[in-house]
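K.L.:
As given, the protein sequences belong to chains A and B, one line each in that order. According to my numbering, the first sequence holds residues 115 to 315 in order. According to my numbering, the second sequence holds residues 63 to 1038 in order. Quick one: the structure is below, and I'll ask about it shortly.
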Amino acid sequence: MAKVSVLNVAVLENPSPFHSPFRFEISFECNEALADDLEWKIIYVGSAESEEFDQILDSVLVGPVPAGRHMFIFQADAPNPSLIPETDAVGVTVVLITCTYHGQEFIRVGYYVNNEYPNPELRENPPLKPDFSQLQRNILASNPRVTRFHINWDNMDRLEAIENQDPTLGCGLPFSCAPIKGLGLPGCIPGLLPENSMDCI
Amino acid sequence: MKLLKPTWVNHNGKPIFSVDIHPDGTKFATGGQGQDSGKVVIWNMSPVLQEDDEKDENIPKMLCQMDNHLACVNCVRWSNSGMYLASGGDDKLIMVWKRATYIGPSTVFGSSGKLANVEQWRCVSILRSHSGDVMDVAWSPHDAWLASCSVDNTVVIWNAVKFPEILATLRGHSGLVKGLTWDPVGKYIASQADDRSLKVWRTLDWQLETSITKPFDECGGTTHVLRLSWSPDGHYLVSAHAMNNSGPTAQIIEREGWKTNMDFVGHRKAVTVVKFNPKIFKKKQKNGSSAKPSCPYCCCAVGSKDRSLSVWLTCLKRPLVVIHELFDKSIMDISWTLNGLGILVCSMDGSVAFLDFSQDELGDPLSEEEKSRIHQSTYGKSLAIMTEAQLSTAVIENPEMLKYQRRQQQQQLDQKSASSRETSSAASVAGVVNGESLEDIRKNLLKKQVETRTADGRRRITPLCIAQLDTGDFSTAFFNSIPLSGSLAGTMLSSHSNPQLLPLDSSTPNSFGASKPSTEPVATTGARPAGDTVSKDSVNATSTPAASSPSVLTTPSKIEPMKAFDSRFTERSKATPGAPALTSVTPTAMERLKEQNLVKELRPRDLLESSSDSDEKVPVTKPSSLSKRKLELEVETVEKKKKGRPRKDSRLMPVSLSVQSPAALTAEKDAVCLSVPAPALKLPMPGPQRAFTLQVSSDPSMYIEVENEVTAVGGVKLSRLKCNREGKEWETVLTSRILTAAGSCDVVCVACEKRMLSVFSACGRRLLPPILLPSPISTLHCTGSYVMALTAAATLSVWDVHRQVVVVKEESLHSILAGSDMTVSQILLTQHGIPVMNLSDGKAYCFNPSLSTCSGRQAARLFSVPHVVQQETTLAYLENQVAAALTLQSSHEYRHWLLLYARYLVNEGFEYRLREICKDLLGPVHYSTGSQWESTVVGLRKRELLKELLPVIGQNLRFQRLFTECQEQLDILRDK
């Protein structure tokens, strides 16, 4: 079971000019004190076409994390406009907040971001070269897309122990019910299994 | 019989594998497949039972859903007490859930938002042992054990009072174990497996009692579950899938000799689940018919893969009712309501059906008392549980009692409405931390947020803890093991306004603070706002926030989800760019640990001069012995200190001690000043420091400053003691270095290196001639006009300065400090000059000066033993508490424990003891000179106490005569 669950992500100062920093207030709950820090990242997707244009706006360590509910504000500078393809500057893109523990990503919160000119004139006739200073960023805060992944929360030794588990144990699985559940899960190590998306739209 | 299929009970079309009704009948749980995980849902029962409630939109249908299981949930079971819910699933885990009472409704972040969790159920234990899917779980009749079975061919017995302790792993099945049932009297547990056997295990030694195979010879392993059941009278065990003449049956196994002569026949496909009605019935007495006593019988529901359900009475040859085609797929689980008149059935097709019977159909249920009488006569054991069902038939004999009952009902109604109001405001209640609302915290979060740089230059944010995990209600606290160290100190001296923030049990992982002096600042207090940060090098981290944009924006253009982005939401990012997180995280944590250790090792003597005045801001400076590099990286943190509650963080350099935490004084051992042979010393001594300050109280503001070896006059080094009380100062000099000081509003006392104890009045007048202690001081303490000294040789003395007498004279604590490394972890002095000690083993003692003996306060523990022993333990514990409160002369505590004790006696039906208490409180109604009766106890009037007890007694109708007696006598006394 995930030791950390994200309770809420509040998008602060939204909408805001393109160049202003991103600011998210993240509250999460931890049900067992974590030995190590969590690593949070904000990734700005420059272009839908390719991951090449992704920008990691910032990454922070968060800790120590005792059991309980916690919150912090994650602030990151605006993306570097020069790294964004001109054709993708205006329009819809995505900003992702991810969290990893021991290098394993266990949650990904995605928001649609709409960059547009608030000025109606500019909107009608957008300049050929995007004018970032005029752009306004609007994060679709009401509709986060949350994906959770199952990861191994225990230390690495445990992980190996699971991997080295006697494979014959897998034989004890009820093959008769596999199709019923239609999950294709039997035999897998849950700690390592990537979970499907939790698409909530 | 009525049949209902509440369509709103579903897992969005996914199969429901298990259903269980809460013992109080107000809710039920379902378990099964979720979107991409296992799912447990807790539902409200009333919309199932009443159509009006179903239509009422204000009545929630779903109370809580938990997606924590990684894979399909095969079984959900409530504990008999209803306090816990256990769930087992394909992820090999068993999760034990408990309701969190302090947190209001919430939604799962990212879910569509409408489905708020009305109740919060929190996973309190995760049980890991099985190496395959967990198929069934079952609580033992007294909730002391939890059994689980799995496709790994084993059954595991968990200690339910001490999760995740495993009591036994039952091996013997050679196939997937798919069902479990406990014998109602707790002597056996039975399991059924795909290996074509049903095994009965003894709970005495967890060994196999018998293995039954014959009825299962023809069975194939095609049923998903094999939920068997034991009849409530204990006579019969009924298996799931068995075969008789190639027809599927449910085999009846008699407890007597495990004979297998009978079976339930008729289902066309394998029986998946059998569930006995918890009630035992007897024939309904019809008017006029002969009152021939009929044999009590049981009722049993059988569900099958053939999608039909049959309900049988053991007194009939044919089923009471058979319902065909109830579902589209196999029946997976059945649960009866506690009153025995309703059943919930769930199916693989993802739906649930509710059947409602009338008493005419099933018969008259026996009361719990009759049921336990049957158990007692058959097995010599009684469950001795009083229930309301039994009481409802009692006749109220007294109008006073009736009035009282009415009043109580009214109160309950009021409470209900109040609690419903409360739930609506629960969120806001939960959102208040140390008097600061969540909103305030949020406003200042960015400013307050502690941000540092790690060794490799990365930003590191210390999250603000906004609430500790709570799993609990405190009414049940005394059933859990409570080392009294925390709670005793809490109840005696400090009044915490936020009970949920008070760590009750220092051994549980989620309560930090009190017992751990060197945890990280935020961790120690949990909910304290993080200190302000002045960041040296992380300039960009606190870069000026952009002014919020003017909202000239017209409505944002509609954003269409774009296919291209979809994968980005769900795919894991590839490699972590830059340094892999793992390598960068671990060393920092290691360093942190090291740093803590280092700080711990530092001698207080190395400390800089104190700069703390009465106390708002204490600068934290890094000890110079830390590595240079760290020094540069570490930011200087200025922390706001709370009045009167200094943080027990050893990094706060100017040692600021407080009266409430004498433990800090004893923290360091020091060999330098030993003047007495070492072996006799048991307790740690404070080392000499150059200077220290001690805040005695914040209101009125009073603090003591000590400066050792200020000047030397004629070869004698002088130490200065300064005391400041609301701006008025006095000072004096002593010829020896001062080791420790203590003060109250009346007196100030200091102990010097030369074993000298000096006592001064609040104005600086020496009150007593210097007292020479038998050995060096360990802890010094003052309360009111009492001064207590605990020496390193474990002798304890208490003086009453006001009356100039010794209260406790050099009493040795060796008797209670038996054992090699036991020490006194905390020592306090009550207002009445009675010393209270907490030992390192969690026990607490108080010293009774008049009896000159120590009396222990026993830490209660719940044993994994039958109810009777548990009862005795609880009673003994409560009695101890009452006695201890008497010894402590704490009227407040005495009243509290007496009421609690009485309530327990009332609930458990201990009439004699209750009567004795009442008698003592009431005293003689007619005055006689020979009477030894005291009308007061610890300053409380006994008869007033009795008046308080009466409503408690009135709660159990069984004691109505006692109630009436006392009431009448009190009335007589009043009229006099």
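Beta carbons: idealized from backbone N, C-alpha and C, even for Gly. As the structure is a prediction and not an experimental result, all values here were calculated from the model.
Tell me whether residue 130 of chain A is buried or exposed, calling it buried when 16 or more other Cβ atoms sit within 10 Å of its Cβ.
P.N.:
buried
K.L.:
I need the straight-line Cα distance from residue 894 of chain B to residue 1019 of chain B, nearest angstrom please.
P.N.:
Linking residue 894 of chain B to residue 1019 of chain B through their CA atoms gives a straight-line distance of about 40 angstroms.
K.L.:
Quick one: does residue 525 of chain B have its CB under 8 angstroms from some CB of chain A?
P.N.:
yes
K.L.:
Using only the alpha-carbon positions, how far apart do residue 237 of chain B and residue 116 of chain B sit?
P.N.:
For the pair residue 237 of chain B and residue 116 of chain B, the Cα-to-Cα distance works out to about 43 angstroms.
K.L.:
Is the region 186-196 of chain A touching the region 131-147 of chain A in the sense that three or more CB pairs, one from each, lie closer than 8 angstroms?
P.N.:
Because the criterion of three Cβ pairs below 8 angstroms is met, the region 131-147 of chain A and the region 186-196 of chain A touch.
K.L.:
Against chain B, does residue 277 of chain A count as a neighbour if the rule is that its beta carbon must be under 8 angstroms from one of theirs?
P.N.:
For residue 277 of chain A, the pLDDT reaches just 41, beneath the cut-off of 50, and the residue's location in the model is therefore unreliable, although a value from the coordinates is still provided. No, because no Cβ of chain B sits closer than 8 angstroms to the Cβ of residue 277 of chain A.
K.L.:
What residues in its chain sit with their C-beta under 6 angstroms from that of residue 195 of chain A, if we drop five residues either side in the sequence?
P.N.:
246
K.L.:
Show which residues of chain A have a CB atom less than 7 angstroms away from the CB atom of residue 161 of chain B.
P.N.:
Simply none; closest approach about 15 angstroms.
K.L.:
Please identify the residue among B:855, B:947, B:943 and B:886 whose C-alpha is closest to the C-alpha of residue 896 of chain B.
P.N.:
Here the closest residue by C-alpha is B:947.
K.L.:
Is there at least one Cβ from chain B nearer than 8 angstroms to residue 297 of chain A's Cβ?
P.N.:
For residue 297 of chain A, the predicted structure reports a pLDDT of 36, less than 50, and the residue's modelled location is therefore unreliable. A value from the coordinates is still provided. Yes - at least one Cβ of chain B is within 8 angstroms of the one on residue 297 of chain A.
K.L.:
Distance check for residue 848 of chain B and residue 517 of chain B, CA to CA, integer angstroms please.
P.N.:
51 angstroms
K.L.:
I want to see whether chain A comes within less than 8 angstroms of residue 83 of chain B, judged by CB atoms only; does it?
P.N.:
no
K.L.:
Going along chain A in order, which residues have a C-beta closer than 8 angstroms to the C-beta of residue 528 of chain B?
P.N.:
Correct list: 141, 182, 183, 184 and 185.
K.L.:
Just how far apart, CA to CA, sit residue 109 of chain B and residue 371 of chain B?
P.N.:
23 angstroms
K.L.:
Round the Cβ separation of residue 258 of chain B and residue 279 of chain B to the nearest angstrom and send it over; I've been treating them as touching at under 8 angstroms.
P.N.:
6 angstroms
K.L.:
Have a look at B:1033, B:851 and B:190 and flag the residue whose alpha-carbon is nearest the alpha-carbon of residue 268 of chain A.
P.N.:
B:190
K.L.:
Which bits of chain B does residue 194 of chain A rub up against, with CB to CB less than 9 angstroms?
P.N.:
What residue 194 of chain A touches in chain B: nothing, since even the nearest Cβ is about 14 angstroms away.
K.L.:
With distances taken from CA atoms, which of B:298, B:418, B:885 and B:276 is nearest residue 360 of chain B?
P.N.:
The shortest C-alpha separation from residue 360 of chain B is found at B:298.
K.L.:
Residue 938 of chain B by DSSP, collapsed to three states: which one?
P.N.:
helix
K.L.:
Please work out which residues of its chain come closer than 6 angstroms, Cβ to Cβ, to residue 172 of chain A, disregarding the five sequence neighbours upstream and downstream, and give them in chain order.
P.N.:
156 and 190
K.L.:
Can you give me the Cβ contacts of residue 200 of chain B inside the same chain, cut-off strictly under 7 angstroms, excluding the 5 residues immediately before and after it?
P.N.:
139, 209, 242, 243 and 244
K.L.:
Going along chain A in order, which residues have a C-beta closer than 8 angstroms to the C-beta of residue 126 of chain B?
P.N.:
By Cβ distance, chain A contributes nothing, its closest Cβ being about 14 angstroms from residue 126 of chain B, past 8 angstroms.
K.L.:
Would you verify that the beta carbon of residue 811 of chain B is, or is not, closer than 8 angstroms to some beta carbon of chain D?
P.N.:
Going by chain labels, chain D is absent from the structure shown, which instead holds the protein chains A and B.
K.L.:
Is it the case that the region 931-946 of chain B contacts the region 957-971 of chain B, given that we only count it when at least three CB pairs across the two stretches are under 8 angstroms?
P.N.:
yes
K.L.:
Whose Cβ in chain A lies nearer than 7 angstroms to the Cβ of residue 630 of chain B?
P.N.:
Here the neighbours are 159, 208, 210 and 224.
K.L.:
To the nearest angstrom, how far is it from the Cα of residue 147 of chain B to the Cα of residue 127 of chain A?
P.N.:
42 angstroms
K.L.:
Do residue 131 of chain B and residue 100 of chain B have their C-beta atoms closer together than 8 angstroms?
P.N.:
yes
K.L.:
Quick one, which of B:938, B:784, B:422 and B:778 has its alpha-carbon nearest residue 758 of chain B's?
P.N.:
B:784
K.L.:
Closest by CA to residue 177 of chain A, which one among B:525, B:329, B:839 and B:995?
P.N.:
B:525
K.L.:
Give the residues of chain A in contact with residue 516 of chain B, contact being defined as C-beta atoms less than 7 angstroms apart.
P.N.:
175
K.L.:
Say whether chain B places a C-beta atom closer than 8 angstroms to the C-beta of residue 245 of chain A.
P.N.:
Under the Cβ criterion of 8 angstroms, residue 245 of chain A is not counted among the residues facing chain B.
K.L.:
State buried or exposed for residue 686 of chain B, treating a residue as buried only when at least 16 other CB atoms are found within 10 Å of its CB.
P.N.:
The pLDDT assigned to residue 686 of chain B is 42, lower than 50, so where the model puts this residue is not dependable; a value taken from the coordinates is nonetheless given after this. Taking all protein chains shown into account, residue 686 of chain B has fewer than 16 neighbouring C-beta atoms within 10 Å of its C-beta and is therefore exposed.
K.L.:
Under the DSSP definition of a beta bridge, which residues are partnered with residue 899 of chain B?
P.N.:
B:889 and B:907
K.L.:
Any beta carbon from chain A within less than 8 angstroms of residue 208 of chain B's own beta carbon?
P.N.:
no
K.L.:
Mark residue 963 of chain B as exposed unless 16 or more other C-beta atoms lie within 10 angstroms of its C-beta, in which case mark it buried.
P.N.:
buried
K.L.:
For a contact meaning CB atoms closer than 7 angstroms, what does residue 203 of chain A contact in chain B?
P.N.:
Within chain B, no residue comes near residue 203 of chain A; the closest Cβ sits about 15 angstroms away, beyond 7 angstroms.
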